[in-house]
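Per UniProt numbering, the sequence shown starts with residue 1, numbered consecutively. Where a beta carbon is used, it is the ideal one built from N, C-alpha and C, also for glycine. Note that the structure is a prediction, hence the values are computed from the model and not measured. All remarks here apply to the structure that follows.
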Amino acid sequence: MVHGNIVTHPPAEITPKKRTVQIEISVDSLERLFLNGQLCAAEFSCLDVESKQAVQKLCLNACVHRLQKAQ
């Protein structure tokens, strides 16, 4: 729609915003959740590089633990 020199567009379809929370959790608790299969790294995002590196290490350790347990 044009009003004088101003062009307006119909409102975009409103989608519900993804609900999130920001938390801090100890490495030990996070490791326990990974080892018990209660949490997957794909379910959350790291907010800084150090956290991402720690999560990657915990994930690898959890994978090794599961592989050793399966043998």
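Proximity test, Q71 beta-carbon vs the ligand SAH heavy atom, cut-off 7 angstroms: In terms of ligand content, the structure shown is empty, and the ligand SAH therefore cannot be addressed.
Ordered list of alpha helix (DSSP H) runs contained in the stretch 15-40, each at least 4 residues: 27-35
Residues near V64 in its chain [Cβ-Cβ closer than 8 angstroms; skip 5 each side]: none
Option nearest K18 by Cα separation, candidates D48, Q53, Q56 and E43: E43
Residue burial classification, V2 (beta-carbon count within 10 angstroms, cutoff 16): Only weak support exists for where V2 lies, its pLDDT of 47 falling under 50; the value from the coordinates is given anyway. The residue is exposed, with fewer than 16 neighbouring Cβ atoms inside 10 Å.
Close-in-space but distant-in-sequence residues of the same chain around C59 (CB under 8 angstroms, 5 per side omitted): F34 and A41
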